[in-house]
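So the structure is just underneath, and the comments pick up after that.
There are 2 protein chains.
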Amino acid sequence: MNCVSARGRVTLDMMPFMSVEGTVVLLDMYDEHSNPETGFINFGIAENCLCEEIICKKVQGSLAFNPGTQYYYAYGGKLNFRNALSDFLSERLAKGKPLDPEKIVVTSGVGAAIDLIAHMFADSGDCFLTLTPFYSAIEMDVGLRSGVKVYHIHRPDHDTNTLKAFSFDEELLERGYQEALDKGHNVKGIFVINPGNPTGKLLNRDELVIASKFAQRHDIHVIFDEIYALSVFGDDAEFTSALSIPELLNNDKSHVLWGFSKDFGISGVRCGVVYTNSAEYLEGTSKLTYFGGVPSVIQDALARVISDKDWLDNVYFPTNYRRLKESHSYMEKRLTSLGITCHAAKSGFFIYANLSKYMKEQTEAEEMKLYNELKAAKLYMIPGSALRGRDYGWFRITFTSQKNTVELGLQRLEGVLKKRS
Amino acid sequence: MNCVSARGRVTLDMMPFMSVEGTVVLLDMYDEHSNPETGFINFGIAENCLCEEIICKKVQGSLAFNPGTQYYYAYGGKLNFRNALSDFLSERLAKGKPLDPEKIVVTSGVGAAIDLIAHMFADSGDCFLTLTPFYSAIEMDVGLRSGVKVYHIHRPDHDTNTLKAFSFDEELLERGYQEALDKGHNVKGIFVINPGNPTGKLLNRDELVIASKFAQRHDIHVIFDEIYALSVFGDDAEFTSALSIPELLNNDKSHVLWGFSKDFGISGVRCGVVYTNSAEYLEGTSKLTYFGGVPSVIQDALARVISDKDWLDNVYFPTNYRRLKESHSYMEKRLTSLGITCHAAKSGFFIYANLSKYMKEQTEAEEMKLYNELKAAKLYMIPGSALRGRDYGWFRITFTSQKNTVELGLQRLEGVLKKRS
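Note that the protein sequences, when read in sequence, are chains A and B. In terms of the UniProt record's numbering, the first sequence opens at residue 1 and continues consecutively. In terms of the UniProt record's numbering, the second sequence opens at residue 1 and continues consecutively.
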């Protein structure tokens, strides 16, 4: 018997590509011992497995269950944790600009931070803007519980083989906004993902300012999603955090997101961080995190991890950057040798790569056909169309698995492409 | 500038007594070293501090951060944890009746489980029934995010000095249901809290069946909240779990709640458990727990804790029961010596006690006056009116603090009451 609420039905009906496919993959993962033949090689899900031995040891040594972590606490961020985050983010994202611990909220992952933004600032049916291609799970984050939509701003036809293609200017944003209004949408804000996902594109200060002014002009929110902020590994790659530009933050509709899942590779702890000036968001989430707080023992542990500057500066970050660089470089070389164009980005866990030369034509149907051949060969990569890209043939390929897994995945990829060439 | 959504406004405007007052108390807690004079003695918040040294050691020894807990996982319950829960609940709540791990969901506390019930089964403005007095934070659980109401079924005038007063029958439920309909409510279900909070009342099998049949007759949900199931410590006290009565569970609208906050005294880990036959709830929460999952490392740790039968049977539960019994008995004796009637319940962390002989008249205003005098004396106890009781003068008094805290709280109580006698 059907006994689901109208909004429960929205939750049930939403079947985003990355969740559905990701779940299939996670239930049948490659393991060299237990599932070597038929298990999926995961070039899709964005996990960094390159520093397992370092990060696991550190977190394990930081977990302390005692009367100080046993009981009820401040779900949205214990003061010691917010103080530690404030120092950490100030030094590493904000270029030394001071941050205020009272403007920090801790959530059960960055997805939850976005879900709470959708709840607090939008009603069901309202929408947020994003430029494409983008990490489309944001559609789930705003839609699954809150019924909020994402309106895609597609760039005009352009050469996506260069990273410059993923810049934006005022005109592009204004055109997208107007389009959304013309289609009857109630626009509540815009997501700005930096470093870019899937492109790895790093936005410069001008672009951040353009996005901020655009949002202020229309009195909408701007959400700077910087979850890959500290996974920028190119020698000449320069990341600019919105936190480093105070004039972007001195209003109630700018919010910066960061988290532990990517830059520390620990998605299993579920910890996202929001920096915001919005008293309403701070107050609302101080209540709502009761339904999804980061456990007290985890908050204390992470506070210890990010406060150990010696470990961060001399062990973790140098090792992580070196390994990211090596893995990226290896994957890029192998893909290039297959005649595949890769973006030159030096950030994030993936290469956005153009496989269209192995497709009969650049259509979504052909892209999905290739996707399904890869899937049949037990290789999972995210097709650009799932990221709302319209230059069909691009795939997001994660390079941060263990070495032998990367090697095996590349062999499977070569096998599929060889049959097509 | 106001930029909050309509539902965000509901979140901001909801200021439930126990949250508001509890927050004040938590920020200024008694500590024999750091805050001995002006800190609050907490006879309000329901935490069990009697087994700190045992439970902290056990959980600490069970935390293992490794590649198996580092990454994305099944937020709503890893299979190993659901298997362990299934065995544990079968043995300790269901009287050996087998349970199905596929019907278990793990949530970020029982509050989150209720929030998700409100989302999946009710729309904004719908309501759930409860008998009063009751743990009124459920109003926040269904209302804060989902905008769902609670309709109170008050018992007719009766002698609340006996526990029998908190029984119920079919007629009472039907009358309440009809009243709610008459007032235009869209009734979606009923909460049945067993053991009772604040009364400690244990429901018998007949009452559980009455509630279940009532719900089925009207095609509404019945939620058995059994969060104190394993904190029943009287020698002759018999607790009956809905899980032990299979015919209560073989429909899609019966849900049983349990959690770790009370029976293991570890509210800081945020772990609730739902047992349900509802495919919609199971599917919906498998998605929605992405916004509030119990971290992987916590799930594994708790699985270890509840699988160590030797520790459970020979260390933890015997010690916890003995200490609960001793603390309860001590508090009861002291209250009785003040001429205060206490319910004879032998479950939960509190005594529901009748202080009305110290009030000029049995009104809500007088009850709150007494409450505020206690608060001024830095003693926090929950007044019955905050629990929607209408027999004014009753207070919920937690007895599970450390011994010296209990003693000091009783002295403060005696001080306030002496001035009134």
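We treat Cβ as the ideally placed atom computed from N, Cα and C, and that holds for glycine.
Rounded to the nearest angstrom, the gap between the Cα atoms of residue 200 of chain B and residue 380 of chain B is 19 Å. Counting along the chain, residue 119 of chain A sits inside the alpha helix (DSSP H) bounded by residues 110-121. Contact annotation for residue 47 of chain B against chain A: 70, 71 and 72 [CB-CB distance below 9 Å, chain order]. Looking only at A/229, A/311, A/252 and A/203, the smallest Cα-Cα distance to residue 222 of chain A is reached by A/252.
Burial is judged here by how many other beta carbons sit within 10 angstroms of a residue's own beta carbon; residue 322 of chain A has fewer than 16 and is exposed. Residue pairing of residue 353 of chain B in beta bridges, as defined by DSSP: B/342 and B/395. Setting aside the 5 residues that flank it on each side, residue 297 of chain A is surrounded in the same chain by 63, 64, 65 and 69, each with a C-beta closer than 8 Å to its C-beta; the list follows chain order.
Looking at the DSSP output, residue 131 of chain A bridges to A/153. In the three-state reduction of the DSSP assignment, residue 29 of chain A falls in the strand class, which pools E and B.
Residue 65 of chain B: not part of any alpha helix (DSSP H); DSSP gives it neither H nor E. Below the 7 Å Cβ cutoff, chain A contributes 5 as neighbours of residue 122 of chain B, in chain order. Residue 396 of chain A sits away from residue 358 of chain A, with the two beta carbons spaced by 8 Å or more.
Taking the Cα positions, residue 87 of chain B is about 26 Å away from residue 28 of chain A. With a cutoff of 8 Å on beta-carbon distance, residue 89 of chain B and residue 203 of chain B are scored as not near each other.
Counting only Cβ-Cβ distances below 8 Å, residue 21 of chain B has no contacts in chain A at all, with the closest Cβ about 13 Å away. Along the stretch 33-67 of chain A, going in chain order, the ones with a CB nearer than 8 Å to a CB of chain B are 45, 47, 49, 52, 55, 56, 59, 60, 63, 64, 65, 66 and 67.
For residue 395 of chain A, there are no neighbours in chain B by C-beta distance under 9 Å, as the nearest C-beta there is about 20 Å away. Excluding the 5 residues flanking it on each side, residue 127 of chain A has same chain C-beta neighbours closer than 8 Å at 148, 149, 150, 151, 180, 185, 186, 187 and 188, in chain order. Close CB contacts of residue 254 of chain A within its chain, under the 6 Å cut and outside five residues either way in sequence, are with 222 and 248 (chain order). In this chain, the beta strand (DSSP E) harbouring residue 259 of chain A covers 254-259. Remark: three or more beta-carbon pairs, one from each stretch, lie closer than 8 Å, so the stretch 291-310 of chain B and the stretch 75-83 of chain B are flagged as touching.
Collapsing the DSSP output to three states places residue 264 of chain B in coil.
When the five nearest sequence neighbours on each side are left out, the beta carbons in the same chain lying within less than 8 Å of the beta carbon of residue 290 of chain B are those of 75, in order along the chain. Secondary structure at residue 34 of chain B: coil, using DSSP grouped into helix, strand and coil.
Taking 8 Å as the upper bound on Cβ-Cβ separation, chain A lies near residues 268, 269, 270, 278 and 280 of the stretch 268-280 of chain B. Counting only runs of at least 4 residues, the stretch 269-355 of chain B fully encloses the following alpha helix (DSSP H) elements, listed from N- to C-terminal order: 279-288, 296-307 and 317-337. Within the stretch 290-304 of chain A, the residues whose Cβ lies closer than 9 Å to any Cβ of chain B are, in chain order, 290, 291, 292, 293, 294, 295, 296, 297, 298 and 301. Within chain A, no residue has its beta carbon less than 8 Å from that of residue 307 of chain B; the closest one is some 17 Å off. Contact annotation: residue 272 of chain A and residue 143 of chain A have beta-carbon atoms that are not nearer than 8 Å. Comparing alpha-carbon positions, the option among B/264, B/245 and B/15 lying closest to residue 275 of chain B turns out to be B/245. Residue 108 of chain A belongs to the set of residues whose beta carbon lies under 8 Å from a beta carbon in chain B. An exposed status is given to residue 95 of chain A, since fewer than 16 other beta-carbon atoms sit within 10 Å of its beta-carbon.
For a Cβ distance threshold of 7 Å, residue set 119, 288 and 291 of chain A lies close to residue 145 of chain B, ordered along the chain. Excluding the 5 residues flanking it on each side, residue 263 of chain B has same chain C-beta neighbours closer than 6 Å at 230 and 231, in chain order.
At a cut-off of 8 Å between beta carbons, residue 78 of chain A makes no contact with chain B. Relative to the Cα of residue 175 of chain A, the nearest Cα in the group A/103, A/131, A/195 and A/164 belongs to A/131.
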